[in-house]
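> Residue numbers (my numbering): -4 to 279.
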Amino acid sequence: DKHRPFVQWLSVHKPLIGAILESHIKEPNLNSLLLRVCPDWSFVSNHDTDADGRIIIIWKHPATVQMMHQTRQSITCSVTIPSLPAIMFTAVYAANTREERCTLWDDLHEVQSTLFLENRNWIIGGDFNQITHHEEHSSAAVDHLTTDMIEMKDHLLSSGVSDLRFQGSSHTWTNKTPTMPITKKLDRALVNDLWIESFPDSIATFLPHEFSDHTPCLLTLSCPLPTPGTRPFKFFNFLTTHPSFLGIVEIAWIQNGSRATDLSHLGYSHWTAHLLRHFRLKKK
């Protein structure tokens, strides 16, 4: 069954609410298919504005969802979860063309104004079919800002939303072509300032590709922040090109008696600092 990986994903991660994008499920088949695949879930779709029903919102008890607005490229709904502040969720599946994407942002600005979303906890998630910076594209040929990128950034700024803190894959789409792989960050979780005030520990996790060319995004409303005073581990790839790299690692392994030791015990920090100073001096 081609839907089995999706069902297994729901079983493992246990979300309360989800958005299925680019479903290609025709409206006459929607009810019977979802009742079979997701029997305990309620759902709404944007079939009224798109014959292919490009966006489907699903949810299960104890969450409740009310659709407030729909277009071909988005669904905006209010979400209620017991003991949590009310949420406004907009699921997006943006078009491939710049002209159509501009209508998406026009619609979102209108919805923001009509539903007073600047005063509500608002999250926008989905596939925006556009990167905001050339570093969000894996190809070295994409090495400068384009008009489309600048327009996307302007839309985010004018809407008062920005990327939610996230972890996992930084590039969320792949062309699935091993011989000429291309990856991009097309999927985002965007929030307004009020969201950050209400859910300061929330985080979006972009999980590995499983059943799509896009990474699934899992939103967690409460995730502990790093302990103050701790720092994430960093490794500078350029160190592996240094002539002494393998020798230093081998000596440290011998001294520590195990190849399973962590790099913090290899004199790594001191060596890195020395090399960084060396590089700065060379630049001068």
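Note that the Cβ used here is the ideal one computed from N, Cα and C, for glycine as well.
What's the C-alpha gap between P57 and K148?
Cα to Cα, the separation comes out at about 36 Å.
> Please check the pair L110 and W54, which I expect to be a contact at CB under 8 Å, by giving their CB distance rounded to whole angstroms.
Wrong, their Cβ atoms sit about 19 Å apart, outside the cutoff.
> Report the rounded CA-to-CA distance for I52 versus V39, giving the unit in angstroms.
5 Å
> Between which residues of its own chain and I82 is the CB-CB distance below 6 Å, once the five residues before and five after are set aside?
Listed in chain order, the non-local C-beta contacts of I82 below 6 Å within the same chain comprise V74, N116, local neighbours out to five positions each way being set aside.
> May I have the straight-line CA-CA distance separating G48 from I118, to the nearest angstrom?
Separation of G48 and I118 (C-alpha to C-alpha, rounded to the nearest whole angstrom) is 21 Å.
> Three or more C-beta pairs closer than 8 Å, one from the stretch 90 to 109 and one from the stretch 190 to 210: is that the case here?
At 8 Å Cβ cutoff, the stretches do not touch.
> Could you tell me the alpha carbon to alpha carbon distance between M144 and T98, rounded to whole angstroms?
One C-alpha to the other measures close to 16 Å.
> What residues match up with H281 in a beta bridge as DSSP calls it?
Outside the displayed range of the chain (-4 to 279) lies residue 281, so it cannot be described from this structure.
> Under the three-state reduction of DSSP, which class applies to F240: helix, strand or coil?
F240: helix per DSSP, three-state reduction.
> Could you tell me the alpha carbon to alpha carbon distance between I76 and M63, rounded to whole angstroms?
Each residue's alpha carbon lies about 17 Å from the other.
> Mind checking which residues open and close the alpha helix (DSSP H) that includes F1?
-1 to 8
> Can you tell me where the alpha helix (DSSP H) with W100 in it begins and where it stops?
93 to 109
> Mapping DSSP to helix, strand and coil, what is I20?
Coil, per DSSP.
> Can you tell me which of the three DSSP states T127 falls into?
Looking at T127 - three-state DSSP - the assignment turns out to be coil, as it is neither helix nor strand.
> For the beta strand (DSSP E) containing H150, list its first residue and its last residue.
Run containing H150: none in the beta strand (DSSP E); it sits in the alpha helix (DSSP H), 142 to 154.
> Return yes when the Cβ of R67 is within less than 7 Å of the Cβ of D43, no when it is not.
no
> Give the range of the alpha helix (DSSP H) segment to which D47 is assigned.
Following the DSSP letters along the chain, one finds D47 in no alpha helix (DSSP H), marked with neither H nor E.
> Who are the Cβ neighbours of E95 in its own chain at under 6 Å, not counting the five residues just before and after it?
none
> For a quick check, are the C-beta atoms of T178 and T172 less than 7 Å apart?
no
> Tell me where the alpha helix (DSSP H) around L189 begins and ends.
Note, L189: alpha helix (DSSP H), 188 to 193.
> What distance in whole Å lies between the Cβ atoms of T210 and T167, which are believed to be in contact at a cut-off of 8 Å?
4 Å
> At the 7 Å Cβ level, is K(-3) part of the contact set with chain C, yes or no?
Any reference to chain C falls outside this structure, which holds one protein chain only.
> If I follow the unbroken beta strand (DSSP E) through I76, where does it start and stop?
Looking at the DSSP string, I76 is not in any beta strand (DSSP E), and its letter there is neither H nor E.
> Compute the beta-carbon to beta-carbon distance between C180 and E131, rounded to the nearest angstrom, for a pair I have assumed lies under 8 Å.
It is Lys, not Cys, that sits at residue 180 in the sequence shown. At roughly 4 Å, the Cβ-Cβ gap stays under 8 Å, so K180 and E131 are in contact.
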